[in-house]
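Under my numbering, the residues of the sequence shown are numbered 1 to 101, in order. The beta-carbon is built from N, C-alpha and C at its ideal position, and this holds for glycine as well.
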Amino acid sequence: MKALILLTLLALLALGLCRRAADLSISADNSPSSEAFISKRASAEVVRRHRRNYVYDSSVYGAVRNPLEAKREVCELNPDCDELADHIGFQEAYRRFYGPV
């Protein structure tokens, strides 16, 4: 029984020494702290911004307007079109009053 305990302790000691030697042999390039930093080119690929379609005539610079918004406003100014849009939807009401959308 004592031999088994002694053998287990020696195996754990050997395992601990091997692990410490492996930790010390890690170079600076492979260290976990070097993984936190990447090159500017790689970071630029990660955070590439999408180009926006800026609408300069909008009240908020950079807000993208719906292309049907102008037609929706035309339909809202006509009471009959506006009422029909409440029942069957804007696009169908606009099509019935003014032609294809």
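If you draw a straight line from the Cα of Asn78 to the Cα of Glu69, it comes to about 15 angstroms. For Phe90, the three-state secondary structure derived from DSSP is helix. When the five nearest sequence neighbours on each side are left out, the beta carbons in the same chain lying within less than 6 angstroms of the beta carbon of Cys81 are those of Cys75, Ala93, Phe97, in order along the chain. Counted as a single uninterrupted DSSP element, the alpha helix (DSSP H) harbouring Val74 occupies residues 69 to 77.
DSSP places Arg65 outside both helix and strand once states are collapsed to three, so it counts as coil. By the criterion of a C-beta distance shorter than 7 angstroms, Leu15 is surrounded by no residue of its chain, once the five residues flanking it on both sides are discounted. Distance from the CA atom of Ile38 to the CA atom of Val46, rounded to whole angstroms, is 11 angstroms.
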